[in-house]
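Single-structure report; data block below.
Written as structure tokens, this is what we have:
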């Protein structure tokens, strides 16, 4: 059997938490990860996608031409948030915080690295660990894949996790199929004709046009999309005008589109474009639309989920493994891995009301129950052993 050092895991997580770095700037985080890999004698490549690390443990007990390679992904970047907790390992980097639990993800992955390395002589396959930058910003997963992290050897399965403050520590949440939404950023500009507010007939009011567009866009969700197919279309920013008595000449809107499949995603984009163009034209103005594509939908592979579920139930008991019924309309760049390999992304409970670990991710008061770290390592390790048909009993 293997032994997990809970104190070491906690110390790892706190070290990363105290020194957070934003996406694309994780140089010290990368170096710290590499220092532990060096300590344990693990083969790795650094600087993947600039600040990422790919570690590999090559099994010494595998069949020459018939073995599996498994990937474990951990994101390592922090958020531009000023931390408002009172923990002794609070961020020392002003305005930067691990408010999404990536410090925990990194610690869990390193914990699994150490254990799997200790089994190297008995390992019946290869295991890669992806310490991925820029999940919160530019999609570091795609750049790591483009750099070849899934090749040589080819990765058959990839697993990732996210701490979940809505789920008690000691529980895991697993979802078959569609788990998280795609994301697109929407930029709309409406142009009219400026005039004095007392004489609206002499101008074209882009604020009124904008109001009609916003209402019509919500009708796309409620009247053009099946209620059984989740779509989120949010206009979160509207800017226009300079004074209360002047009709402006333009209004700018920004929003997001979230969908769960590519067909709906494409259809919604076409409909949004039609609404913007036609309403603007009908009211005498002009509307332009720009859409910036972000991450695709995260769709878990059933085979990968089955294997993760078996491992989680072995560690936690079936009563503590929740099969999630509905997808999350948030977004996650782990979706890039799901396009190339059999992938499973799951939720790791980290909630503990007794210590105040109740705040949502991206909150300046977010904290987690560090008991989840050992749980995460156990699930990942048991899953690897299960897929490689290894038993330590």
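In the working numbering, the protein residues as written are 1 to 393. Glycine residues also receive a C-beta, built at the ideal position from the N, C-alpha and C atoms. These figures come from a predicted structure and were not determined experimentally.
Asked                                                                                                                                 : Found
Own chain residues within Cβ distance below 6 Å of residue 371, not counting five before or after                                     : 169
Bounding residues of the beta strand (DSSP E) (the contiguous stretch that carries residue 300)                                       : 298–300
Own chain partners of residue 273 with C-beta closer than 6 Å, once the 5 adjacent residues on each side are dropped                  : 289
Own chain, CB closer than 8 Å to residue 120, minus 5 neighbours either side, in chain order                                          : 57, 58, 59 and 60
Cβ pair residue 4, residue 332 closer than 7 Å                                                                                        : no
Buried or exposed by the 16-neighbour rule on C-beta atoms within 10 Å, applied to residue 172                                        : buried
Contacts around residue 14, its chain only, beta-carbon distance under 7 Å, and the 5 residues preceding and following it disregarded : 89
DSSP bridge partner residues for residue 73 (one or two, in chain order)                                                              : 130 and 160
Whole beta strand (DSSP E) elements within the stretch 147–223, 3-residue minimum                                                     : 157–168, 172–174, 177–180 and 182–191
Among 278, 92 and 298, nearest to residue 328 - alpha-carbon criterion                                                                : 298
Residues that residue 344 bridges to, as DSSP identifies them                                                                         : 159
Alpha-carbon spacing of residue 152 relative to residue 385, whole angstroms                                                          : 21 Å
DSSP state of residue 250 mapped onto helix, strand, coil                                                                             : strand
Any alpha helix (DSSP H) of 4 or more consecutive residues that is wholly inside the stretch 273–330                                  : 302–316
Rounded distance between the beta-carbons of residue 131 and residue 208, thought under 8 Å                                           : That pair is no contact at about 51 Å.
Contained alpha helix (DSSP H) runs [length at least 4] in the stretch 6–49, N- to C-terminal order                                   : 6–18 and 27–39
Three-state secondary structure (DSSP) of residue 425                                                                                 : The structure shown does not extend to residue 425, since the chain is modelled only from 1 to 393, so the question has no answer here.
Coarse secondary structure for residue 361, derived from DSSP in three states                                                         : coil
Of the residues 156, 245, 376 and 232, the one placed nearest residue 199, counting alpha carbons only                                : 245
Collapsed DSSP secondary structure at residue 143 in the structure displayed                                                          : helix
Proximity below 7 Å, CB of residue 115 to CB of residue 381                                                                           : yes
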